[in-house]
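Engineer: Quick mapping for you: the protein sequence lines, in order, are chains L and G.
All residue numbers for the first sequence refer to the numbering used here, where the first residue is 187 and numbers rise by one.
All residue numbers for the second sequence refer to the numbering used here, where the first residue is 64 and numbers rise by one.
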Amino acid sequence: VTSRGYDALVFGGGSAGMAAAARIAGAGFRVAVLEREQELGGVLNQCIHSGFGLKVFREDLTGPEYAERFCERLAAAPGVEVYLETTAQEVGAPAGGAGGSGGRPPGSAPQAAGAGAPLTVFGYSRRHGILELSARAGVLAMGCRERNRGNVGIPGTRPSGVFTAGFAQRLLNIDGYLPGRRAVIVGSGDIGLIMARRLTWAGAQVLGVVEIQSYPTGLTRNVVQCLNDFGIPLYLSHVVTRILGRNRVEAVEVSPLENGVPRPDKAFRLDCDTVLLSVGLLPDTELAKKLDVTLNPETGGPLVDAGLQTSVAGVFACGNLLHVHDLVDYVTEEAERCGERVSEYLAGQYEGLQHRVAPGANVRYVVPNRYFSGRDNRFYLRSLVVKNQARLEVRVGGELASERRLPHVQPSEMVSFTLKPADLAGLPAGSDRTLEVSIA
Amino acid sequence: LLKKAGLSLEEKPDWNPHLPQVPRIRELTPFQVDELARREPAYGEVVCRCEGVSEAEVVAAVRRGHRTLDGIKFYTRAQMGRCQGGFCTYRILRILARETGLPIGALTKRGPGSELLGGEL
């Protein structure tokens, strides 16, 4: 076991991890980035379509191009070490803390990682062997994983040919294999919509996209550009009630939903050899759980304070691991802010005085879960409702502090806003400083 | 029946009822994995993140005759965890192709007729 010490460890070399690591290194700290794959970039590498960077760079880039810009930034930053093909597999006891550290043989104390390194993680790698990495701070940036057939419970046989959309995207765009010839896509999430177009371009036939909700769950621009432009039918308020086929998928049975109940008596059959599932993403929090980080049941990611610090001191979170974003531009923005707060933490300047944030009416979740009263706060939230001409209301201790118009809200489109100290200035100095965000 | 017809059943003198265990990194401490990985670096390569399965365990499964994705799954647990193979299947396909010499397009979920891929670009 090779022991090494850093100021900060970043778990995940995707869009969030790269942006956070670049900021921390830019502030003069030593950072190690752990990435499981052979390349930095995460899921951006398989997103060969365009539409990335419109906000951050004001340019229309493909995923790999977007990732490349951050790879270059990391390469240019001093004090960054990137461990590729390395999995953060086990969490060690705090260096110098009580108790044995993961069955350490006697007489093999770790090399000093700087005084008071609270975070120790074992990275497994063919290339680097087994690494014991310690640091004063950590950034969780492992991203998310796709919900799969078991998560949504589709009845039927279990043949080959059922893929999650992102896995199919990887097979097609990175490895060069077609998952099948005639596909039905379940769920109208963004990856599913993008894959409908991609499969059509690759010569496969897409028979339709089946969505259980009465509205598409992906971005509107993707419905237009990926389905409408190719004449691919979108079955809203429909559900796949059976997958048929013994060895390979032969067909799916699609039933309309009436008053929330599937009507198999009105079902129709689509003959296909492939089913792609695009039924949502979940933060991949296995390492967060091993670190004993408290999770938010609404987002699936960690609960964080105003500086994106989790319930474990010195452990921060950003990107799709924190909550699932629609656009990588938001991830970058959030991760860079996270990197700045980590740098403040490492410099001993972390602002501890914070107040609670709570989701109010028609809001599924708000991130972060605390706010600073003396500096700008950036919030991300998701609506529970579909509505035109909506109003976003921010209340502190019941008093309306800020209000803004939203032309259109729906659960699939994330809302973000910045709250400035000035917005809070006119409020009576009550004891309850809880901030509530609601949509009316 | 065959016995009645005169088949003589004799135990082979070198028959060993125990297959040697393949070490599983999910059950070992990092220091034990370190010892294994020094001899065989493939123990350091985590193929299945959800269930903590190393490449060495997958290779051992193939060498013991598990040549389908389901075979690998039932033997090693890879693909059995929370992502249900979303992240590791392509890695396992590559290892299977390398170890068996079969083209990736010929690999199956559980035998002929359950080929996984629909063609190459």
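Backbone N, C-alpha and C fix where the C-beta goes; we use that ideal spot for every residue, glycine too.
Since we're looking at a predicted model, the values are computed, not measured.
#1: Can you pull the chain C neighbours of VAL187 of chain L, defined as C-beta to C-beta under 8 Å?
#2: Would you please verify whether the beta carbon of ILE316 of chain L is less than 8 Å from any beta carbon of chain G?
#3: By DSSP's criteria, PHE137 of chain G is part of a beta bridge. Which residues make up the other side?
#4: Have a look at ILE398 of chain L and MET381 of chain L and give me their C-alpha separation to the nearest angstrom.
#5: Could you tell me whether the Cβ atoms of CYS524 of chain L and LEU494 of chain L are closer together than 8 Å?
#6: Strictly under 8 Å for the Cβ-Cβ distance: is ALA299 of chain L near chain G by that measure?
#7: What are the start and end residues of the beta strand (DSSP E) that includes LEU605 of chain L?
#8: Rounded to the nearest angstrom, how far is the Cβ of ALA321 of chain L from that of TYR192 of chain L, given a contact under 8 Å?
#9: VAL395 of chain L and ILE429 of chain L: beta carbons closer than 8 Å?
#10: Tell me, please, whether the CB atom of GLY361 of chain L is closer than 8 Å to any CB atom in chain G?
#11: Roughly how many angstroms separate the alpha carbons of GLU90 of chain G and ARG556 of chain L, rounded to a whole number?
#12: Take the Cβ of LEU230 of chain L as the centre, count every other Cβ of all protein chains shown within 10 Å, and call the residue buried at 16 or more, exposed below.
#13: Determine the chain L residues that contact LYS172 of chain G at a beta-carbon separation under 7 Å, and present them in chain order.
#14: At 3 residues or longer, what runs of the beta strand (DSSP E) sit wholly inside the stretch 419 to 453 of chain L?
#15: Please confirm if THR480 of chain L has its CB atom under 8 Å from at least one CB of chain G.
#16: For ASN209 of chain G, does the three-state DSSP call read helix, strand or coil?
#17: Name the chain L residues that come within less than 8 Å of GLU183 of chain G, Cβ to Cβ?
#18: Check for me: the beta strand (DSSP E) holding GLN540 of chain L runs from which residue to which?
#19: In terms of residues, what are the limits of the beta strand (DSSP E) holding PRO593 of chain L?
#20: Identify whether LEU413 of chain L lies in helix, strand or coil by the three-state DSSP scheme.
#21: Which of the three DSSP states is assigned to TYR252 of chain L in this structure?
#22: Which one or two residues does DSSP pair with LEU503 of chain L in a beta bridge?
#23: Please confirm whether PHE215 of chain L and SER529 of chain L have their CB atoms less than 8 Å apart.
#24: Hey, does ALA123 of chain G have any beta-carbon neighbour from chain L nearer than 8 Å?
#25: Do ALA323 of chain L and PHE502 of chain L have their beta-carbon atoms positioned less than 8 Å apart in this structure?
#26: Leaving aside the five residues before and after VAL268 of chain L along the sequence, list all residues of the same chain whose C-beta is less than 6 Å from its C-beta, in chain order.
#27: I need the straight-line Cα distance from GLY285 of chain L to THR92 of chain G, nearest angstrom please.
#28: Note down, in chain order, every chain G residue with its Cβ under 8 Å from the Cβ of THR273 of chain L.
#29: Kindly indicate which three-state DSSP category CYS151 of chain G falls into: helix, strand or coil?
#30: Classify ASP246 of chain L as buried or exposed, calling it buried when 16 or more other Cβ atoms lie within 10 Å of its own Cβ.
#31: In angstroms with no decimal places, state the Cα-to-Cα distance between VAL372 of chain L and THR406 of chain L.
#32: May I ask you to list, following chain order, the residues of the stretch 146 to 160 of chain G that have a beta carbon less than 9 Å from some beta carbon of chain L?
#33: Does the stretch 536 to 549 of chain L touch the stretch 505 to 516 of chain L, meaning 3 or more C-beta pairs lie closer than 8 Å?
#34: For the alpha helix (DSSP H) containing THR518 of chain L, name the first residue and the last one.
#35: Taking the straight line between their C-alpha atoms, what separation do you get for ASP562 of chain L and TYR106 of chain G?
#36: With a threshold of 8 Å between beta carbons, is GLY115 of chain G in contact with chain L?
Structural biologist: Looking at the atomic coordinates:
#1: Judged by its chain identifiers, the structure shown contains no chain C, and its protein chains are L and G.
#2: Against the first sequence, residue 316 of chain L aligns to sequence position 130. By this cut-off, ILE316 of chain L is an interface position.
#3: As a position in the second sequence, residue 137 of chain G is number 74, starting the count at 1. Answer by DSSP bridge pairing: none, since PHE137 of chain G is not bridged.
#4: Working through the first sequence from its first residue, we reach residue 398 of chain L at position 212. Working through the first sequence from its first residue, we reach residue 381 of chain L at position 195. For ILE398 of chain L and MET381 of chain L, the distance between alpha carbons rounds to 18 Å.
#5: In the first sequence, residue 524 of chain L corresponds to position 338, counting from 1. In the first sequence, residue 494 of chain L corresponds to position 308, counting from 1. Contact: yes.
#6: Numbered from 1 along the first sequence, position 113 holds the residue referred to as residue 299 of chain L. Confidence at ALA299 of chain L is low in this model, with a pLDDT of 44, below 50, so its placement is unreliable and no value can be given for it.
#7: Counting from 1 along the first sequence, the entry for residue 605 of chain L is found at position 419. Run containing LEU605 of chain L: 601 to 605, per the beta strand (DSSP E) assignment.
#8: Residue mapping note: residue 321 of chain L aligns to position 135 of the first sequence, counting from 1. Residue mapping note: residue 192 of chain L aligns to position 6 of the first sequence, counting from 1. Going by Cβ atoms, the distance from ALA321 of chain L to TYR192 of chain L rounds to 4 Å, so yes, they are a contact pair.
#9: Numbered from 1 along the first sequence, position 209 holds the residue referred to as residue 395 of chain L. Numbered from 1 along the first sequence, position 243 holds the residue referred to as residue 429 of chain L. No, they are not a contact pair.
#10: Here residue 361 of chain L refers to the residue found at position 175 when the first sequence is read from its first residue. For the record, residue 361 of chain L in the displayed sequence is Asp; it is not Gly. With 8 Å as the cut-off, ASP361 of chain L counts as an interface residue toward chain G.
#11: Counting from 1 along the second sequence, the entry for residue 90 of chain G is found at position 27. Counting from 1 along the first sequence, the entry for residue 556 of chain L is found at position 370. Their Cα atoms are separated by approximately 39 Å.
#12: Translated into the one-based positions of the first sequence, residue 230 of chain L becomes position 44. Its Cβ being crowded by 16 or more others within 10 Å, LEU230 of chain L is buried.
#13: As a position in the second sequence, residue 172 of chain G is number 109, starting the count at 1. Those are SER346, listed as they occur along chain L.
#14: 424 to 430 and 437 to 444
#15: Position 294 of the first sequence, counting from 1, holds the residue named residue 480 of chain L. Not one chain G Cβ lies under 8 Å of THR480 of chain L.
#16: The displayed coordinates of chain G run from 64 to 184. Any statement about residue 209 of chain G would go beyond what the structure contains.
#17: Counting from 1 along the second sequence, the entry for residue 183 of chain G is found at position 120. Result: GLY362, TYR363 and LEU364.
#18: Taking the first sequence and counting its residues from 1, one reaches residue 540 of chain L at position 354. Start and end: 540 to 545.
#19: By one-based count along the first sequence, residue 593 of chain L stands at place 407. Segment 585 to 595, the beta strand (DSSP E) holding PRO593 of chain L.
#20: In the first sequence, the residue the question calls residue 413 of chain L occupies position 227. Note: LEU413 of chain L maps to helix in three-state DSSP.
#21: The residue you call residue 252 of chain L lines up with position 66 of the first sequence. The answer is helix: DSSP assigns TYR252 of chain L an H, G or I state.
#22: Along the first sequence, read from residue 1 onward, the residue named residue 503 of chain L stands at position 317. Per the sequence shown, residue 503 of chain L should be read as Ala rather than Leu. Paired residues: L:LEU326.
#23: As a position in the first sequence, residue 215 of chain L is number 29, starting the count at 1. As a position in the first sequence, residue 529 of chain L is number 343, starting the count at 1. Yes.
#24: Working through the second sequence from its first residue, we reach residue 123 of chain G at position 60. Judged by the 8 Å Cβ criterion, ALA123 of chain G is not in contact with chain L.
#25: As a working note, residue 502 of chain L is residue 316 in the first sequence. As a working note, residue 323 of chain L is residue 137 in the first sequence. Closer than 8 Å, so yes.
#26: The count along the first sequence starts at 1 and reaches residue 268 of chain L at position 82. Closer than 6 Å at the Cβ level, and outside the excluded window around VAL268 of chain L, lie VAL219.
#27: Here residue 285 of chain L corresponds to residue number 99 of the first sequence, with the count starting at 1. Here residue 92 of chain G corresponds to residue number 29 of the second sequence, with the count starting at 1. Residue confidence is low: GLY285 of chain L scores 40 on pLDDT, short of 50, so the model does not pin down where it sits. Its coordinate-derived value is still stated next. Going from the Cα of GLY285 of chain L to the Cα of THR92 of chain G covers about 15 Å.
#28: Looking up residue 273 of chain L in the first sequence gives position 87. Near THR273 of chain L (Cβ distances below 8 Å), the residues of chain G are VAL109 and ARG112.
#29: Position 88 of the second sequence holds residue 151 of chain G. DSSP places CYS151 of chain G in coil when its eight states are reduced to three.
#30: Here residue 246 of chain L corresponds to residue number 60 of the first sequence, with the count starting at 1. Flag for ASP246 of chain L reads exposed.
#31: Here residue 372 of chain L refers to the residue found at position 186 of the first sequence. Here residue 406 of chain L refers to the residue found at position 220 of the first sequence. Rounded to whole angstroms, VAL372 of chain L to THR406 of chain L spans 17 Å at the Cα level.
#32: CYS146, GLN147, GLY148, GLY149, PHE150, THR152, TYR153, LEU156 and ARG157
#33: no
#34: What you label residue 518 of chain L is simply residue 332 of the first sequence in a count that begins at 1. 514 to 532 is the extent of the alpha helix (DSSP H) around THR518 of chain L.
#35: Taking the first sequence and counting its residues from 1, the one referred to as residue 562 of chain L is at position 376. Taking the second sequence and counting its residues from 1, the one referred to as residue 106 of chain G is at position 43. Cα to Cα, the separation comes out at about 47 Å.
#36: Taking the second sequence and counting its residues from 1, the one referred to as residue 115 of chain G is at position 52. Chain L, which has a Cβ nearer than 8 Å to the Cβ of GLY115 of chain G, makes this yes.
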